[in-house]
Each structure stands twice: as C-alpha cells, then as structure tokens.
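Worksheet: the structure to be examined is printed underneath.
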Amino acid sequence: MPAEVIRDPLSLRLSLPGHETYVLTIGDLPNPVLAADLAEGLVAAVHPNGPIAKPGTANSFFYTLRRAVRELADAGFTGSAAELTRPVLGAF
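For what it's worth, this note's numbering labels the leading residue of the sequence shown as 187, then goes sequentially.
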C-alpha cells in the first residue's frame, strides 16, 4: 500500500516511488475529526492513485493539512470535512 492513515497517534505512513517508507505524525490538533478526514483525502492522492509521488510534495500537503485544521478551528469551525462549505474554505 503506497499510503495509509495510522489512527493512534494520527499519522500518515507513505511509501513513495524510489524512497524509503516514512511516517508523518499529524499529532494533536484542535479538530481531530477534520484532521482524520483530511488525512484520508491526502492518502487517496498519493501515487499510484493520485499525483503525489515525491516527499517534498507530500510534506507540503502535510503542513497545509495541519495549518488548515488549526486555522479553521481558530475561526470557530468544529465540523468534519463533509461540513466544509465554500464560504468557510474561502475564509481560509
């Protein structure tokens, strides 16, 4: 499996082409449900199912995931990814 979500602690295990398998720990964020939803989406975007095939790209998405969860929580968002609306995302 090229990528998977580890639930405890919330992390991503990535096996990218030509690179050693590594783990990115998402850690404790203010909205763990949203963090887990976004982690599942990130896993779905990893090669061969999606365009993420390099560690630098995966790391950029990882940092953006963490930032998005923190900033959305700071703005008062407490829902899951399914509850994100265009206005909420536009404010991000």
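Glycine included, C-beta positions come from ideal geometry on N, C-alpha and C.
Going by beta carbons, R256 and P195 fall outside the 8 Å limit. A239 is a Cβ neighbour of H233, given a cutoff of 8 Å. By the Cβ neighbour-count rule, L275 is exposed, with fewer than 16 other Cβ atoms within 10 Å of its own. For E257, there is no enclosing beta strand (DSSP E); the enclosing alpha helix (DSSP H) has its first and last residue at 241-260. Separation of R253 and N245 (C-alpha to C-alpha, rounded to the nearest whole angstrom) is 12 Å.
When the Cα atoms are used, L202 and P188 turn out to be separated by approximately 6 Å. With respect to the 8 Å criterion, A267 and D223 are classified as neighbours on the basis of their beta carbons.
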